[in-house]
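Residue numbers (the working numbering), protein chains in the order written: chain A, 1 to 508; chain B, 1001 to 1323.
Ideal Cβ positions, reconstructed from N, Cα and C, are used throughout, including at glycine.
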Amino acid sequence: MEVLQLLLDGVWAALQPVNLGLAFLGVVIGLLVGAMPGLGSVNGVAILLPFTFVIQQLTGTVSSPMIFLAAIYYGAMYGGAISSITLGIPGASTAVATTFDGRPLALQGNADRALVIAAVASFIGGTIANLLFTGAAPLLATVALRFGNPEVFALMLLAFATFVGLGGDDIPKTIVSICFGLVMSSVGFDIISGAPRLLLFDSTEWFSRGIQFLVLAIGVYGIGEMLWTINSTSNDIKMASAKINLRRVFRALLWMRKCWKGTLIGSFLGFFVGILPAAGATPGALMAYGVTKMVSSRRRHFGSGEVDGIAAPESANNSASTGAMLPMMTLGIPGSPTTAVLLAGMVIWGLTPGPLLFTDSPDFVWPLIGSFYVSNVIAVLVNLACIPLFIRVLRMPFTILAALIFVLSVVGTYAAYQNMYDVWLMMFFGIGAFLLRILDYPLAPAVLAIVLGPIAEPTLRQSLLLSDGSWMIFIERPIAGPITICAIVLMLLPLLGLIRRKFRAMRD
Amino acid sequence: MRNFMKLVLGMVATCLALALAPAHAEFSPTKPIDFVIMAGKGGGADKMARLMQAIVEQHELANRPLVPVNKSGGSGAEALVALNSATDPDHTIMVTLNSFFTTPLRQPGLEVDIMQFAPVGRMAEDTFVLWVNVEEGINSFEEFLAEAKARGSGWVMGGTGSAQEDQIITDFLNDTYELEIKYIPYKGGGAVAKDLAGNQIDSSVNNPSEALGFYEAGTVIPLVAFTDERLPMFPDVPTLAETGVDFAYYMQRAVVGAPGMSDDAQAYYTGLFESVYNSAEWQEYKSDKSLLGDFLPGDALRDYWGVQRDRHETILRASGAIN
Chain A
1 MEVLQLLLDG
11 VWAALQPVNL
21 GLAFLGVVIG
31 LLVGAMPGLG
41 SVNGVAILLP
51 FTFVIQQLTG
61 TVSSPMIFLA
71 AIYYGAMYGG
81 AISSITLGIP
91 GASTAVATTF
101 DGRPLALQGN
111 ADRALVIAAV
121 ASFIGGTIAN
131 LLFTGAAPLL
141 ATVALRFGNP
151 EVFALMLLAF
161 ATFVGLGGDD
171 IPKTIVSICF
181 GLVMSSVGFD
191 IISGAPRLLL
201 FDSTEWFSRG
211 IQFLVLAIGV
221 YGIGEMLWTI
231 NSTSNDIKMA
241 SAKINLRRVF
251 RALLWMRKCW
261 KGTLIGSFLG
271 FFVGILPAAG
281 ATPGALMAYG
291 VTKMVSSRRR
301 HFGSGEVDGI
311 AAPESANNSA
321 STGAMLPMMT
331 LGIPGSPTTA
341 VLLAGMVIWG
351 LTPGPLLFTD
361 SPDFVWPLIG
371 SFYVSNVIAV
381 LVNLACIPLF
391 IRVLRMPFTI
401 LAALIFVLSV
411 VGTYAAYQNM
421 YDVWLMMFFG
431 IGAFLLRILD
441 YPLAPAVLAI
451 VLGPIAEPTL
461 RQSLLLSDGS
471 WMIFIERPIA
481 GPITICAIVL
491 MLLPLLGLIR
501 RKFRAMRD
Chain B
1001 MRNFMKLVLG
1011 MVATCLALAL
1021 APAHAEFSPT
1031 KPIDFVIMAG
1041 KGGGADKMAR
1051 LMQAIVEQHE
1061 LANRPLVPVN
1071 KSGGSGAEAL
1081 VALNSATDPD
1091 HTIMVTLNSF
1101 FTTPLRQPGL
1111 EVDIMQFAPV
1121 GRMAEDTFVL
1131 WVNVEEGINS
1141 FEEFLAEAKA
1151 RGSGWVMGGT
1161 GSAQEDQIIT
1171 DFLNDTYELE
1181 IKYIPYKGGG
1191 AVAKDLAGNQ
1201 IDSSVNNPSE
1211 ALGFYEAGTV
1221 IPLVAFTDER
1231 LPMFPDVPTL
1241 AETGVDFAYY
1251 MQRAVVGAPG
1261 MSDDAQAYYT
1271 GLFESVYNSA
1281 EWQEYKSDKS
1291 LLGDFLPGDA
1301 LRDYWGVQRD
1311 RHETILRASG
1321 AIN
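So this is what it looks like as structure tokens:
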């Protein structure tokens, strides 16, 4: 009951005109940076961090600047979906999985449905995460602590397994794709020994930073997708019509009934992945997509405009972004790049994020939690209201749109790290992705691998150091064990299927 | 969007700078300054760098923003190479720690000569403390030695990176007390602190700033400080010297410029970070997080590097990390 009272006070504080205005402004800025390819919440938050000192001085509280930054974080999670769906370029790394099904749906003339589902799923994901956060923050912090290296690695294994085990895709090709992503993720300096790896062409400048995930994602989904569209429509380049009116929005809302499964999986899985330090919203969204595809009866339709394939990653990235606040606030460890910047902000405003934050600074914590709820409502309303505007993008003739996609891909790649090498690499990946697609290789697993590789590799090696090289560590530990076994079973399922088919064929 | 914001910020900052700066300023940055952090997010170096950035912003000490970039790969190798190949050395600075000494020694292939870097200023020396989880039931360094000895290589120490600060201390403990503590490298001190609090590892030699949150929450306790004198924050925690072994180890928290930085630019950054050092916020942070050491500018810092590099060379040779 006490929690409820604190929460109500918090929501009330978040509803004060100043805070409400800041939340609104933050959501709008977040939508914009989220929708811009190459820029994500981390850029928005980092650029506007200095501005928060002004807010702090004007309002005299520490919660107002944080409400502003948190609203940007939130808004960006909604915004990322917009360019993923309308342009096919992931607006932010967190929205990569949204392109898998969002883009095909838009190409079929149903962009409105995709956008509405993305917005509503985001809202539900955010709300479920807020409830979990409010109800069980300190308890969940202890859960996060139970997750050591072997547990995190087991979880990564499970994520890979969901992509291998039950995809409708060609399994050997899926594995090749994963391996390609893993090799890409190992370029750069070895995390443990510091040795340089795979610095091809003796070019330290090119590869010493490793291959940034966003470079691959924009190449594959921006340039690669554009080439594919040009190729597959050959001379007859015409976009499907994109109409929008209130009735269509309403009808799109009814589609939400079809994606309760993806939304729920995304909301809970996203939150859980979010609270693990070092993971964050991008792996959360990709894993939610994989798991939803796995359990869905419409598995085969994933990748060609399945609504559940939009709802899962969108609910997951919002849920994970709230989840990532949890280790930041209760353990003082950021769960994502954006929360690392937020953490810095809190230190500057004179707070000590850590186990004592909830008891020491309730006047900071509860208005902030209250603002999660408020910002979430603002974000979904602003987003739904703007959908007709986004749809207009799709009315452009493809000859113009293709040029726009190209320019945004180049600018977005450059903007992320201000490095021309990345732009060349992005082009290379784009053309490579196009060729691989002609050969019918699935590319989503490669993207998954380059995101999860940098988490999976060090945790694997640290675990094996811990166990003196014994692989049993992944089976024997109480939490890691069941996860690992699930992952192995999933990976072996296709093999079992094959044996069964062979067996049947022999009997006939 | 970002560039537009930078433009606006830049314009505002320029106006301020024009209004405030003395007309004869020799160097002032003409674009945002790359502020490279030689460690991962959430660790001690990261928090400190972001605090410096905030102080600069808050007091409007620079007319261009500092843009923090984490380059934690390869025990700092990634950051060192980035600085070595910086295209604009006058706008590239870095927050360093002791991997600044150890990584170039261990990897001559990087072709990094730290003496070529521009010494801007040493902001503090960080301290090391031995921590264990409360649930171990260990209350003194002697009990720690007994328990670690009994468990042999079953005792696990977590630390940041390989053959750098935390492992140097671990190796020292192993050699001096004939222990077989197993060392597991992590990407940053934040992850080490979390895993100690979660009982995934048995001990750490985190900096106070990294372990403080969990210490205050009563999850971890300090046993011994690797300093010359007891830390004011932990008056009851003995130094290793008091136990009869003369060993102290510190970590530099310094700001350096990219090789090839002009003298004017170096002087500018030294002035900038001296202002940061003297700010009330920095002084407060220093005492809150048990940091020691005075501000060391320019040549004094380079001399300090010379001494530290030789010491680390000796340590690494002794442990067999280099030959």
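Between the region 291-307 of chain A and the region 329-338 of chain A there are fewer than three C-beta pairs closer than 8 Å, too few to call the two in contact. Distance from the CA of VAL347(A) to the CA of THR1176(B), rounded to the nearest whole angstrom, comes to 38 Å. With respect to the 8 Å criterion, PRO1089(B) and ALA1300(B) are not classified as neighbours on the basis of their beta carbons. By the neighbour-count definition (other C-beta atoms within 10 Å, threshold 16), PRO1235(B) is an exposed residue. Taking a cut-off of 8 Å on C-beta distances, the region 450-468 of chain A touches the region 156-163 of chain A, as three or more cross pairs fall below it. Residues of chain B whose Cβ lies closer than 7 Å to the Cβ of SER193(A) are, in chain order, SER1162. Residues of the region 26-60 of chain A with a C-beta atom less than 7 Å from some C-beta of chain B are LEU32, VAL33, MET36, LEU39, ASN43, ILE47, PRO50, PHE53, listed in chain order. DSSP places GLN1167(B) in the uninterrupted alpha helix (DSSP H) bounded by 1165-1177.
Within chain B, no C-beta atom comes less than 8 Å from the C-beta of ARG507(A); the nearest is roughly 51 Å away.
Within the same chain, Cβ atoms closer than 6 Å to the Cβ of ALA71(A) are found at ALA23, GLY26, VAL27, SER375, the five residues on either side in sequence being excluded.
Inter-residue distance for TYR441(A) and PRO172(A) is about 9 Å (C-alpha atoms, whole angstroms). Between ILE1201(B) and ILE1184(B), the C-beta spacing is below 8 Å. Of all C-beta pairs linking the region 1290-1310 of chain B to the region 1114-1125 of chain B, three or more are shorter than 8 Å, placing the two stretches in contact. Secondary structure at ILE333(A): coil, using DSSP grouped into helix, strand and coil. For GLU1111(B), there is no enclosing beta strand (DSSP E), since its DSSP letter is neither H nor E. A residue is called buried once 16 or more other Cβ atoms fall within 10 Å of its Cβ, and LEU435(A), having fewer, is exposed. Residue state for ARG197(A) is assigned as strand, using DSSP reduced to three classes. Nearest to ALA92(A) by alpha-carbon distance, out of ASP9(A), ASP101(A), PRO104(A), MET77(A), is MET77(A). Among the residues of chain A, those whose CB is under 8 Å from the CB of LEU1051(B) are ALA344, VAL347, ILE348, following chain order. With a threshold of 8 Å between beta carbons, THR352(A) makes contact with chain B.
Taking SER467(A) as the centre and dropping the five residues before and after it, the same chain places the C-beta of ILE473 closer than 6 Å to its C-beta, in chain order. Closest option to ALA95(A), judged by alpha-carbon separation, among LEU253(A), TRP12(A), ALA312(A), VAL164(A): ALA312(A).
When secondary structure is reduced to three states using DSSP, MET1094(B) falls in the strand class. Under the 8 Å criterion on CB atoms, ASP1195(B) is classed as interfacial with respect to chain A.
In this structure, the straight-line span from the alpha carbon of LEU286(A) to that of VAL295(A) is close to 15 Å. ILE1184(B) belongs to the set of residues whose beta carbon lies under 8 Å from a beta carbon in chain A.
Remark: C-beta atoms of THR322(A) and ALA129(A) approach each other more closely than 8 Å. For the region 1134-1167 of chain B, the beta-carbon criterion of a distance under 7 Å to any beta-carbon of chain A is satisfied by VAL1156, SER1162. Within the region 66-82 of chain A, not one residue has a Cβ closer than 7 Å to any Cβ of chain B.
Excluding sequence positions up to five before and after PRO494(A), its CB lies within less than 6 Å of the CB of ILE171, all in the same chain and listed in chain order. Neighbours of LEU356(A) across chain B, judged by C-beta separation under 8 Å: GLY1213, GLU1216, ALA1217. The Cβ atoms of ALA433(A) and VAL176(A) do not sit closer than 8 Å to each other. Closer than 7 Å at the C-beta level to chain A, one finds no residue of the region 1275-1290 of chain B. For ILE1093(B), the closest alpha carbon among the candidates GLN1167(B), GLY1109(B), ALA1049(B), ASP1113(B) is that of ALA1049(B).
Residues of chain A whose Cβ lies closer than 9 Å to the Cβ of GLY1044(B) do not exist, since the nearest Cβ in that chain is about 11 Å away. In the displayed model, ILE1033(B) falls within a strand according to three-state DSSP.
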